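Trainee: Please find one structure pasted underneath; my questions will follow.
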Amino acid sequence: MNLAKMLAARGAAGDPVRVGLIGAGKFGSMFLAQARLTAGMHLLGIADLNVEQAAKNCRQVGWPDEQIAAGSLDDAMQSGATHIGDDAMALIAHPGLEVLIDATGEPRIGIRHCLAAIDNGKHIIMVNVEADVVAGPLLARRAQQAGVVYSLAWGDQPALIAEHVDWARTCGFKVVCAGKGTRYLPGYHGLTPDTVPDVLAEYLEVDPTAINIKMFNSFLDGTKSGIEMTAVCNATGLTPQDGGLAFPPATRFELADVCKPTANGGSLSRDGTTEVVSSLYRDGSDVPNHLAMGTYVVIEGETDYARQCFREYHMLADSSGQFAALYRPIHMIGLELGVSVASVALRGEPTGAPTAFRSDVVAVAKRALKKGEMLDGEGGYMVWGKQVPAPASLAMGGLPLGLAGGIPLTRDIAEGALLTWDDAAIDAADPAVIIRREMEAAFGRANAAE
Numbered sequence: 001m002n003l004a005k006m007l008a009a010r011g012a013a014g015d016p017v018r019v020g021l022i023g024a025g026k027f028g029s030m031f032l033a034q035a036r037l038t039a040g041m042h043l044l045g046i047a048d049l050n051v052e053q054a055a056k057n058c059r060q061v062g063w064p065d066e067q068i069a070a071g072s073l074d075d076a077m078q079s080g081a082t083h084i085g086d087d088a089m090a091l092i093a094h095p096g097l098e099v100l101i102d103a104t105g106e107p108r109i110g111i112r113h114c115l116a117a118i119d120n121g122k123h124i125i126m127v128n129v130e131a132d133v134v135a136g137p138l139l140a141r142r143a144q145q146a147g148v149v150y151s152l153a154w155g156d157q158p159a160l161i162a163e164h165v166d167w168a169r170t171c172g173f174k175v176v177c178a179g180k181g182t183r184y185l186p187g188y189h190g191l192t193p194d195t196v197p198d199v200l201a202e203y204l205e206v207d208p209t210a211i212n213i214k215m216f217n218s219f220l221d222g223t224k225s226g227i228e229m230t231a232v233c234n235a236t237g238l239t240p241q242d243g244g245l246a247f248p249p250a251t252r253f254e255l256a257d258v259c260k261p262t263a264n265g266g267s268l269s270r271d272g273t274t275e276v277v278s279s280l281y282r283d284g285s286d287v288p289n290h291l292a293m294g295t296y297v298v299i300e301g302e303t304d305y306a307r308q309c310f311r312e313y314h315m316l317a318d319s320s321g322q323f324a325a326l327y328r329p330i331h332m333i334g335l336e337l338g339v340s341v342a343s344v345a346l347r348g349e350p351t352g353a354p355t356a357f358r359s360d361v362v363a364v365a366k367r368a369l370k371k372g373e374m375l376d377g378e379g380g381y382m383v384w385g386k387q388v389p390a391p392a393s394l395a396m397g398g399l400p401l402g403l404a405g406g407i408p409l410t411r412d413i414a415e416g417a418l419l420t421w422d423d424a425a426i427d428a429a430d431p432a433v434i435i436r437r438e439m440e441a442a443f444g445r446a447n448a449a450e
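Per my numbering, the very first residue in the sequence shown carries number 1; after that it's consecutive.
Spelled out as structure tokens, the structure:
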């Protein structure tokens with residue numbers, strides 16, 4: 001409730017929160033649009049491999065040329081302007097930097113940036129949720145040990161869902177389910193960059209050549225939902241359903257009826273879990289009043305009085321009156337990211353962070369795959385990512401979706417099969433593989449102890 005005042009005080013004292021952004025794509029650009037207008041915040045530098053495009057994106061979201069004219073990071077410190085360059089490590093190492101935002105979307109790169117930020121004593125906001133689900137629990141632990149904050153990104157759905165869960169528990173409610181909405185049909189798991197434009201054309205006016213088609217494909221083929229719900233589980237203590245996400249159709253007003261256990265007439269195998277609801281019925285028709293861009297939590301009224309209050313205050317209760325839902329209809333992505341920046345810098349508090357390895361995202365074959373084929377990663381032609389309970393992933397040796405790119409298969413894989421580490425030629429010297437294996441060992445022991 002006081003972040004804006006705290007930021008303004010830093011600005012008035014001539015000591016704004018100095019931020020670095022790696023990756024000036026869509027999410028980064030949305031943050032840029034508001035960062036320039038936020039009192040007490042100074043974007044010290046932007047690191048992007050395409051400097052010219054990053055500058056163009058700044059102009060597109062309203063930045064005047066003089067604001068991005070700093071010739072170096074030192075110049076930016078003195079002038080209050082922003083430096084755009086291609087050296088992420090120089091940005092991370094700069095002594096004036098306080099908070100680093102990784103918005104690259106590449107897990108291997110994000111892990112490297114995060115480790116460098118921790119080593120340099122910088123807080124890290126991990127927009128790169130792909131990196132978070134590969135090794136976030138260990139990264140967050142290392143950050144804490146180093147005295148810096150590792151945080152999920154406010155405005156992105158996992159952080160917003162984590163806030164729903166925190167609200168519910170702070171109010172003494174039992175959390176039955178939390179999640180988000182999306183557009184889903186079972187056949188979408190097989191979508192590729194070649195076929196997804198036809199689906200996008202059904203509800204968006206979009207030029208496939210002007211967007212990151214693999215990124216859009218990962219939203220529709222189920223991967224992004226698995227990634228985001230895994231981040232939620234690892235941050236909140238919720239755990240995946242045994243079979244992963246089922247994507248039941250639901251309106252905003254049916255959330256409490258649908259997202260409750262089957263024993264109570266709902267669709268969940270149990271409570272204390274995550275689910276993503278679809279904005280399409282299985283016949284392809286639209287769900288009215290759907291939640292495709294929103295987030296929600298379902299709570300249980302454990303006393304007669306609480307259930308009476310659900311009725312009196314017009315909560316979105318289920319037919320029994322025992323469960324109720326609270327939802328947020330939209331998320332504003334990078335436009336809201338300043339909340340994370342202010343929270344980590346001024347309160348030393350993340351807007352959601354992994355605390356244990358409870359959930360994983362395992363690569364699943366979209367089609368029959370052949371030995372020797374090179375896996376192409378998230379949103380590609382070959383695999384999609386399924387949410388799997390972490391103990392089950394560890395037991396099977398599941399191949400993390402975030403590392404299922406740029407490596408050859410060592411044997412044939414049947415369509416629909418979950419891939420394992422043994423199915424691909426893993427580079428044991430890959431730093432991302434090393435940190436992932438360390439995370440599995442550390443948190444696998446913790447899971448076994450539980």
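Don't be surprised by glycine CBs; every beta carbon is placed ideally from N, CA and C.
Predicted model, so just to flag it, every value in this text is computed and none were measured.
Locate the alpha helix (DSSP H) running through residue 275, then write down its first and last residues.
Mentor: Your numbering for residue 275 matches position 275 in the sequence shown. Premise fails: residue 275 lies in the beta strand (DSSP E), 273-278, not in any alpha helix (DSSP H).
Trainee: Please name the residue, chosen from 234, 92, 89, that lies closest to residue 158 on a Cα-to-Cα basis.
Mentor: For the purposes of this step, residue 158 is taken as the residue at position 158 of the sequence shown. Measuring from the Cα of residue 158, the nearest candidate turns out to be 234.
Trainee: Could you check the C-alpha separation between residue 261 and residue 155 for me, to the nearest Å?
Mentor: Here residue 261 refers to the residue found at position 261 when the sequence shown is read from its first residue. Here residue 155 refers to the residue found at position 155 when the sequence shown is read from its first residue. When rounded, the distance between both Cα atoms is 29 Å.
Trainee: Within 10 angstroms of the Cβ of residue 449, are there 16 or more other Cβ atoms? Answer buried if so, exposed if not.
Mentor: Here residue 449 corresponds to residue number 449 of the sequence shown, with the count starting at 1. Model confidence at residue 449 stands at a pLDDT of 47, short of 50, so the residue's coordinates are unreliable and nothing is read from them.
Trainee: Whose C-alpha, out of 248, 39, 419, is nearest the C-alpha of residue 362?
Mentor: Mapped onto the sequence shown, residue 362 falls at position 362. The shortest Cα separation from residue 362 among 248, 39, 419 belongs to 419.
Trainee: Does the separation of the CB atoms of residue 480 and residue 271 fall below 8 Å?
Mentor: Outside the shown range of the chain (1 to 450) lies residue 480, about which nothing can therefore be said.
Trainee: Is the distance from the Cβ of residue 215 to the Cβ of residue 387 below 8 Å?
Mentor: In the sequence shown, residue 215 corresponds to position 215, counting from 1. In the sequence shown, residue 387 corresponds to position 387, counting from 1. No, Cβ-Cβ distance for residue 215 and residue 387 is not below 8 Å.
Trainee: Where residue 200 and residue 64 are concerned, what is the direct C-alpha to C-alpha distance, given to the nearest angstrom?
Mentor: In the sequence shown, the residue the question calls residue 200 occupies position 200. In the sequence shown, the residue the question calls residue 64 occupies position 64. Using only the alpha carbons, I get a separation of about 34 Å.
Trainee: Among all the DSSP beta bridges, which residues are the ones paired with residue 102?
Mentor: Counting from one through the sequence shown, the residue named residue 102 turns up at place 102. BP columns for residue 102 point to 22, 126.
Trainee: CA-CA distance, residue 353 and residue 232?
Mentor: In the sequence shown, residue 353 corresponds to position 353, counting from 1. In the sequence shown, residue 232 corresponds to position 232, counting from 1. Rounded to the nearest angstrom, the two C-alpha atoms are 9 Å apart.
Trainee: So residue 312 is in the alpha helix (DSSP H); what residue range does that whole segment cover?
Mentor: On the sequence shown, residue 312 is found 312 positions in, with the first residue counted as 1. Segment 304-312, the alpha helix (DSSP H) holding residue 312.
Trainee: Do you know offhand how far residue 364's Cα is from residue 385's?
Mentor: By 1-based counting over the sequence shown, the position of residue 364 is 364. By 1-based counting over the sequence shown, the position of residue 385 is 385. Going by the C-alpha atoms only, they are around 6 Å apart.
Trainee: Go to residue 91, then tell me how far its alpha helix (DSSP H) extends in each direction, as first and last residue.
Mentor: Here residue 91 is taken as the residue at index 91 of the sequence shown, counted from 1. Taken as a continuous stretch (DSSP letters only), the alpha helix (DSSP H) holding residue 91 covers 88-93.
Trainee: Note the first and the last residue of the continuous beta strand (DSSP E) segment covering residue 374.
Mentor: Here the question's residue 374 lines up with position 374 in the sequence shown. Per DSSP, residue 374 belongs to the beta strand (DSSP E) from 374-376.
Trainee: Assuming residue 146 and residue 121 form a contact by the criterion Cβ under 8 Å, report the distance between their Cβ atoms to the nearest whole angstrom.
Mentor: Start at 1 with the first residue of the sequence shown, and residue 146 comes out as number 146. Start at 1 with the first residue of the sequence shown, and residue 121 comes out as number 121. Between residue 121 and residue 146 the Cβ distance is about 7 Å, and since that is below 8 Å, they are a contact.
Trainee: So, are the CB atoms of residue 181 and residue 279 less than 8 Å apart?
Mentor: The count along the sequence shown starts at 1 and reaches residue 181 at position 181. The count along the sequence shown starts at 1 and reaches residue 279 at position 279. Yes, the pair counts as a contact, with Cβ atoms nearer than the cut-off.
Trainee: Closer than 7 Å by C-beta to residue 116: which residues in its own chain qualify, once you throw out the five before and the five after it? Chain order, please.
Mentor: Locating residue 116 in the sequence shown gives position 116, where the first residue counts as 1. Excluding positions up to five away in sequence, the list reads 89, 92.
Trainee: Nearest CA to the CA of residue 241: which residue from 391, 30, 381, 187?
Mentor: To locate residue 241, count along the sequence shown from 1; it is residue 241. Selected option, being the one with the closest Cα: 391.
Trainee: Hey, residue 281 and residue 249 are a contact pair by Cβ (cut 8 Å); roughly how many whole angstroms apart?
Mentor: As a position in the sequence shown, residue 281 is number 281, starting the count at 1. As a position in the sequence shown, residue 249 is number 249, starting the count at 1. Contact holds; Cβ gap of about 5 Å.
Trainee: Just reading off the alpha helix (DSSP H) that residue 68 is part of, what are its end residues?
Mentor: Here the question's residue 68 lines up with position 68 in the sequence shown. Run containing residue 68: none; DSSP gives neither H nor E here.
Trainee: For residue 372 versus residue 330, is the C-beta spacing smaller than 8 Å?
Mentor: Within the sequence shown, numbered from 1, the residue matching residue 372 stands at position 372. Within the sequence shown, numbered from 1, the residue matching residue 330 stands at position 330. Not a contact, by the Cβ cut-off of 8 Å.
Trainee: Within 10 angstroms of the Cβ of residue 358, are there 16 or more other Cβ atoms? Answer buried if so, exposed if not.
Mentor: For this step, residue 358 is matched to residue 358 along the sequence shown. With 16 or more other Cβ atoms within 10 Å, it is buried.
Trainee: Give the secondary structure of residue 417 by DSSP, where H, G and I count as helix, E and B as strand, and everything else as coil.
Mentor: As a working mapping, residue 417 is identified with position 417 in the sequence shown. It is coil, neither helix nor strand.
Trainee: Going along the chain, which residues of its own chain have a beta-carbon closer than 8 Å to the beta-carbon of residue 407, five neighbours each way excluded?
Mentor: If you number the sequence shown from 1, residue 407 lands on position 407. Within the same chain, residue 407 has close Cβ partners 374, 375, 424, 425, 426, 427.
Trainee: Quick check on residue 1: buried or exposed, where buried means 16 or more other Cβ atoms within 10 Å of its Cβ?
Mentor: Within the sequence shown, residue 1 is the residue found at index 1, counting from 1. Its Cβ having fewer than 16 others within 10 Å, residue 1 is exposed.
Trainee: Could you give the residue range of the beta strand (DSSP E) that holds residue 359?
Mentor: Residue numbering aside, residue 359 sits at position 359 when the sequence shown is read from its first letter. 359-365 is the extent of the beta strand (DSSP E) around residue 359.
Trainee: Taking only the alpha-carbon atoms, compute the straight-line gap between residue 29 and residue 127 and give it to the nearest angstrom.
Mentor: Here residue 29 corresponds to residue number 29 of the sequence shown, with the count starting at 1. Here residue 127 corresponds to residue number 127 of the sequence shown, with the count starting at 1. About 13 Å.
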